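Chemist: Quick one: this structure, given as structure tokens, is what I'll be asking you about.
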Amino acid sequence: MNHIRKRTQRLAHSSLLLIAVGGCNIGTGGTGEYVVPKQKLRNIDGLDLTAVSRPRTPATEPATRTSVAETIPSATAPSTGPSTQPTTRPTTPPTITYLSLADARRLAMENNLDLKVELLNPTISKQSLTEEEARYEANFTSSLNYAKTDNAVASQLVGSQSETWQFNAGLEIPLRTGGSIRVDTPLSRSETDNQFTFLNPAYTAGPAATITMPLLRGFGVDYNAQRIRVAFYAYQSTQARTKLEVIRVLTDVERVYWRLYAAREELKLRQREYELAVKQYDAAARKFKQETVPEVDLLRAESGAADKFENIIVAEKNLRDRQRELKRLLNAPGLELESTAEIIPATRPMAIAFNLDSEQLSRSAMGQRMELLEEELRIAEETANVRNARSDMLPLVTLEYTYGINGLGPELNDALSQVRSANFQDHRAAIRMEVPIGNEAARSRLRRSLYSRLQRLASKEQRQLQIRQEVFTAVDALEAAWQRILSSRKRVLLAARVLDGEQRQYDLGRRTSTEVLDAQTRLANARQDEIAAVAEYQIAQVDIAFATGMVLGQSQIAWQPTISRDFDPSQRN
């Protein structure tokens with residue numbers, strides 16, 4: 001009996017060890033997963049273009065490196081309030097909101113509906129991970145059976161009537177290494193009319209523990225944690241996609257912000273253009289009264305003023321569209337779509353020339369772009385699939401061992417006393433083996449996993465090449481926008497000189513109103529192109545930051561997934 005007791009103790013120690021393994025927390029780096037640092041997933045770095053800009057050579061140095069306020073004529077200088085020029089809108093004064101770029105970012109982070117949708121995705125994905133980890137929770141089972149029989153018998157050795165009660169409480173513990181431990185505590189009471197039964201009623205108790213363990217295929221923590229590992233990779237991928245969405249929304253806000261700035265400056269420009277056309281009409285009217293110009297010249301001036309007023313209508317419509325688009329992105333209280341509030345951009349654009357290091361930006365993008373991180377997580381998942389597919393090619397060998405203690409008595413206490421004394425013990429062991437003939441299904445799964453991994457590796461290289469192209473294209477767009485600023489500024493200066501000359505010639509009677517109005521139009525168009533170039537230069541900087549997986553500026557932005565206390569019992573009071 002001593003050797004049996006020793007084996008029983010060893011079995012108990014082994015069971016406790018397996019239970020301890022079953023209680024380990026995996027799926028967060030405990031089984032060799034590729035774990036992305038939380039800071040990389042939750043923080044968005046700022047891109048300081050001056051840090052990646054190289055000094056320009058004298059041959060390529062722009063003639064002017066000034067702010068927009070210096071490069072744009074006074075008619076297009078940043079506005080400091082609502083326009084008082086001719087307008088087609090109602091005269092009711094609207095609510096004025098001066099909005100800086102930093103405040104626009106903050107409002108978008110707090111209220112943007114796209115972000116509210118996306119910030120729930122990590123929380124949803126986390127529940128899928130928790131669901132997979134819960135597969136290894138212990139499972140309590142119980143059953144109660146009652147049977148009463150009345151059979152016709154042909155011998156007095158067999159009872160014709162019997163009544164049986166059976167109760168069982170059990171605990172099943174899945175193991176991280178594969179297999180399971182099951183503990184059962186069955187109790188029963190049976191009563192019969194058989195005269196030869198020694199115990200009537202008879203109580204039985206038979207607690208038993210069963211260990212089932214795969215030895216080859218399906219064995220090991222690494223194999224059995226695959227579903228948790230896949231869910232963990234999916235959770236990290238969801239966070240990466242959410243970070244990408246946060247960057248995209250902030251980038252959209254900045255783009256619309258600068259387009260709103262351009263639209264407001266264009267409206268001011270068109271209003272100024274209309275004023276000049278009205279002055280030209282007044283001059284033509286005076287000359288007509290003096291009979292120094294024909295009536296057709298007066299009609300030309302009036303027609304030109306009408307054309308300029310139409311430009312105001314178009315510019316106001318464009319301003320309302322840009323303003324409404326920014327309101328939609330911000331979704332802030334007081335800036336609803338239907339509100340009449342006017343948004344005045346308070347941040348002034350700075351047209352500073354940059355000579356960016358494209359290679360350095362490209363290297364930064366390789367470490368910052370979330371699309372590449374997603375590809376790496378997919379490669380890690382496919383690598384784990386290959387390991388499991390190799391294990392699936394092994395034969396299925398299962399070891400099962402059951403240890404039980406039996407008790408019997410006329411009363412329940414008597415049966416339990418026999419169990420405590422452990423005088424009647426059972427030991428059962430079995431080994432089952434399955435070997436597929438040919439094993440072609442497992443071979444096909446392995447080949448599929450290998451090919452899928454090769455495909456993911458190729459996709460990563462493809463994505464890297466695409467990101468490099470996006471960075472180089474964004475840098476070229478920035479340089480082109482800068483050259484547009486310089487070119488449009490020169491056009492403005494030349495167009496202003498032409499207008500001045502045409503005006504003097506008109507005063508001398510050598511030009512008509514049409515020629516003066518044409519010169520005014522060319523000057524206004526040149527100024528509009530300069531405004532657009534400045535706005536596009538700011539947007540090009542934003543696009544470079546987006547291409548590198550960052551946001552423009554030196555500050556860092558952190559985001560957090562949405563967690564509702566209503567659905568998290570651990571967060572409730």
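Going by the UniProt record's numbering, the letters in the sequence shown line up with residues 1 to 573, in that order.
Think of the CB as a built atom: it goes at the ideal place given N, C-alpha and C, for glycine as much as any other residue.
It should be emphasised that the depicted structure is a prediction, and the values quoted were computed from it without experimental measurement.
Drop a sphere of 10 angstroms on the beta-carbon of residue 437, count the other beta-carbons inside from all chains shown, and report buried for 16 or more, exposed for fewer.
Modeler: In the sequence shown, residue 437 corresponds to position 437, counting from 1. Answer is exposed; the Cβ neighbour count stays below 16.
Chemist: Using beta-carbon positions only, say whether residue 391 and residue 179 come within less than 8 angstroms of one another.
Modeler: Counted from its first residue, the sequence shown places residue 391 at position 391. Counted from its first residue, the sequence shown places residue 179 at position 179. It is not a contact, given that the beta carbons lie outside the stated cut-off.
Chemist: Could you tell me the alpha carbon to alpha carbon distance between residue 330 and residue 348, rounded to whole angstroms?
Modeler: Along the sequence shown, read from residue 1 onward, the residue named residue 330 stands at position 330. Along the sequence shown, read from residue 1 onward, the residue named residue 348 stands at position 348. Roughly 19 angstroms separates the two Cα atoms.
Chemist: Only counting the same chain, and skipping five residues up and downstream in sequence, which positions put a Cβ closer than 7 angstroms to that of residue 470?
Modeler: Residue numbering aside, residue 470 sits at position 470 when the sequence shown is read from its first letter. Cβ neighbours of residue 470 beyond the five flanking positions: 547.
Chemist: Along the chain, where does the alpha helix (DSSP H) containing residue 124 start, and where does it finish?
Modeler: For the purposes of this step, residue 124 is taken as residue 124 along the sequence shown, with counting starting at 1. Per DSSP, residue 124 belongs to the alpha helix (DSSP H) from 121-133.
Chemist: Would you say residue 352 and residue 551 are within 8 angstroms of each other, going by their C-beta atoms?
Modeler: As a working note, residue 352 is residue 352 in the sequence shown. As a working note, residue 551 is residue 551 in the sequence shown. At the C-beta level, residue 352 and residue 551 stay beyond 8 angstroms of one another.
Chemist: Any contact between the region 444-457 and the region 377-396? By contact I mean 3 or more CB pairs, one from each, below 8 angstroms.
Modeler: yes
Chemist: Work out the CA separation of residue 410 and residue 195 for me, nearest whole Å.
Modeler: In the sequence shown, counting from the first residue as 1, residue 195 sits at position 195. In the sequence shown, counting from the first residue as 1, residue 410 sits at position 410. One alpha carbon belongs to residue 195, the other to residue 410, and they sit about 15 angstroms apart.
Chemist: If you drop the 5 nearest sequence neighbours on each side, which residues of the same chain put their C-beta closer than 6 angstroms to that of residue 164?
Modeler: For the purposes of this step, residue 164 is taken as the residue at position 164 of the sequence shown. Taken in chain order, the residues that qualify are 147, 190.
Chemist: Which residue marks the beginning of the alpha helix (DSSP H) containing residue 42, and which one marks its end?
Modeler: On the sequence shown, residue 42 is found 42 positions in, with the first residue counted as 1. Per DSSP, residue 42 belongs to the alpha helix (DSSP H) from 38-42.
Chemist: Once the 5 residues before and after residue 573 are set aside, which same chain residues still bring their CB inside 7 angstroms of it?
Modeler: Here residue 573 corresponds to residue number 573 of the sequence shown, with the count starting at 1. Note on residue 573: pLDDT 41, under 50, position unreliable in the model; the coordinate value appears next. For residue 573, where only same-chain residues beyond five positions count, there are no Cβ hits under 7 angstroms.
Chemist: What residue ranges within the region 181-255 form continuous alpha helix (DSSP H) runs of no fewer than 4 residues, ordered along the chain?
Modeler: 221-224
Chemist: Along the beta strand (DSSP E) that carries residue 397, what are the first and last residues, could you check?
Modeler: Within the sequence shown, the letter at position 397 stands for residue 397. 396-405 is the extent of the beta strand (DSSP E) around residue 397.
Chemist: For residue 96, which residues does DSSP report across the bridge?
Modeler: Taking the sequence shown and counting its residues from 1, the one referred to as residue 96 is at position 96. In DSSP, residue 96 forms a bridge with 342.
Chemist: Taking the alpha carbon of residue 528 as the reference point, which residue from 264, 187, 505, 125 has its own alpha carbon closest?
Modeler: In the sequence shown, counting from the first residue as 1, residue 528 sits at position 528. If we check each option's Cα against that of residue 528, 264 comes out closest.
Chemist: Between which two residues does the beta strand (DSSP E) containing residue 433 stretch?
Modeler: Translated into positions along the sequence shown, residue 433 becomes position 433. Start and end: 425-434.
Chemist: To the nearest angstrom, how far is it from the Cα of residue 481 to the Cα of residue 249?
Modeler: Here residue 481 is taken as the residue at index 481 of the sequence shown, counted from 1. Here residue 249 is taken as the residue at index 249 of the sequence shown, counted from 1. Each residue's Cα considered, the two are about 23 angstroms apart.
Chemist: Distance check for residue 40 and residue 229, CA to CA, integer angstroms please.
Modeler: Your numbering for residue 229 matches position 229 in the sequence shown. Your numbering for residue 40 matches position 40 in the sequence shown. Roughly 19 angstroms separates the two Cα atoms.
Chemist: Can you tell me the Cβ-Cβ gap for residue 477 and residue 543, rounded? I've got them flagged as a contact below 8 angstroms.
Modeler: Numbered from 1 along the sequence shown, position 477 holds the residue referred to as residue 477. Numbered from 1 along the sequence shown, position 543 holds the residue referred to as residue 543. Yes, they are in contact, since the Cβ atoms of residue 477 and residue 543 sit about 7 angstroms apart, within 8 angstroms.
Chemist: Using three-state DSSP, classify residue 141 as helix, strand or coil.
Modeler: As a working mapping, residue 141 is identified with position 141 in the sequence shown. In this structure, residue 141 counts as strand in the three-state DSSP scheme.
Chemist: For the alpha helix (DSSP H) that residue 469 lies in, which residues bound it at each end?
Modeler: On the sequence shown, residue 469 is found 469 positions in, with the first residue counted as 1. Here the alpha helix (DSSP H) through residue 469 covers 440-507.
Chemist: Within this structure, are the beta carbons of residue 203 and residue 415 separated by less than 8 angstroms?
Modeler: As a working mapping, residue 203 is identified with position 203 in the sequence shown. As a working mapping, residue 415 is identified with position 415 in the sequence shown. In this structure, residue 415 lies closer than 8 angstroms to residue 203 by Cβ.
Chemist: Under 8 angstroms by Cβ, that's how I've got residue 214 and residue 185 pegged, so tell me the actual separation to the nearest angstrom.
Modeler: Counting from one through the sequence shown, the residue named residue 214 turns up at place 214. Counting from one through the sequence shown, the residue named residue 185 turns up at place 185. No, residue 214 and residue 185 are not in contact; Cβ-Cβ is about 26 angstroms, not under 8 angstroms.
Chemist: Could you pull out every residue in the same chain whose Cβ sits closer than 6 angstroms to the Cβ of residue 397, ignoring the five residues on either side in sequence?
Modeler: By 1-based counting over the sequence shown, the position of residue 397 is 397. The residues are 215, 216, 433.
Chemist: Let's test the definition: count the other Cβ atoms within 10 Å of the Cβ of residue 512 and tell me whether it reaches 16, buried, or not, exposed.
Modeler: What you label residue 512 is simply residue 512 of the sequence shown in a count that begins at 1. In the assembly as shown, residue 512 is a buried residue. Its beta-carbon has 16 or more other beta-carbons within 10 Å.
Chemist: Is DSSP giving residue 52 helix, strand or coil here?
Modeler: Taking the sequence shown and counting its residues from 1, the one referred to as residue 52 is at position 52. Helix, per DSSP.
Chemist: If you drop the 5 nearest sequence neighbours on each side, which residues of the same chain put their C-beta closer than 6 angstroms to that of residue 201?
Modeler: Residue 201 sits at position 201 when you count from the first residue of the sequence shown. Cβ within range, chain order: 189, 191.
Chemist: Inspect the beta-carbon positions of residue 464 and residue 366 and report whether they are closer than 8 angstroms.
Modeler: Counting from 1 along the sequence shown, the entry for residue 464 is found at position 464. Counting from 1 along the sequence shown, the entry for residue 366 is found at position 366. Between residue 464 and residue 366, the C-beta spacing is below 8 angstroms.
Chemist: Helix or strand or just coil, what does DSSP make of residue 163?
Modeler: Within the sequence shown, the letter at position 163 stands for residue 163. Look at residue 163 here: in three-state DSSP terms it is strand.
Chemist: Under 6 angstroms Cβ to Cβ from residue 297, same chain only, skipping five residues before and after it: list those, please.
Modeler: Start at 1 with the first residue of the sequence shown, and residue 297 comes out as number 297. For residue 297, where only same-chain residues beyond five positions count, the Cβ hits under 6 angstroms are 284, 512, 513.
Chemist: Tell me the rounded alpha-carbon separation between residue 354 and residue 485.
Modeler: In the sequence shown, residue 354 corresponds to position 354, counting from 1. In the sequence shown, residue 485 corresponds to position 485, counting from 1. Roughly 13 angstroms between the two C-alpha positions.
Chemist: Whether or not the region 336-345 and the region 299-316 are in contact is what I'm after, with contact meaning three or more pairs of Cβ atoms, one per stretch, closer than 8 angstroms; do they touch?
Modeler: no
Chemist: Beta carbon of residue 101, beta carbon of residue 254: below 8 angstroms?
Modeler: Here the question's residue 101 lines up with position 101 in the sequence shown. Here the question's residue 254 lines up with position 254 in the sequence shown. Against a cut-off of 8 angstroms, the Cβ pair of residue 254 and residue 101 comes out as a contact.
Chemist: Going by other Cβ atoms of all chains shown within 10 Å of its Cβ, with 16 needed for buried, is residue 499 buried or exposed?
Modeler: Mapped onto the sequence shown, residue 499 falls at position 499. Buried, since its Cβ has 16 or more Cβ neighbours within 10 Å.
Chemist: If we ignore side chains and look at the alpha-carbon of each, how far apart do residue 105 and residue 134 end up?
Modeler: In the sequence shown, residue 105 corresponds to position 105, counting from 1. In the sequence shown, residue 134 corresponds to position 134, counting from 1. Between residue 105 and residue 134, the C-alpha separation is close to 39 angstroms.
Chemist: Checking 8 angstroms against the spacing of the C-beta atoms, do residue 502 and residue 516 come in under that value?
Modeler: Counting from one through the sequence shown, the residue named residue 502 turns up at place 502. Counting from one through the sequence shown, the residue named residue 516 turns up at place 516. In this structure, residue 516 lies closer than 8 angstroms to residue 502 by Cβ.
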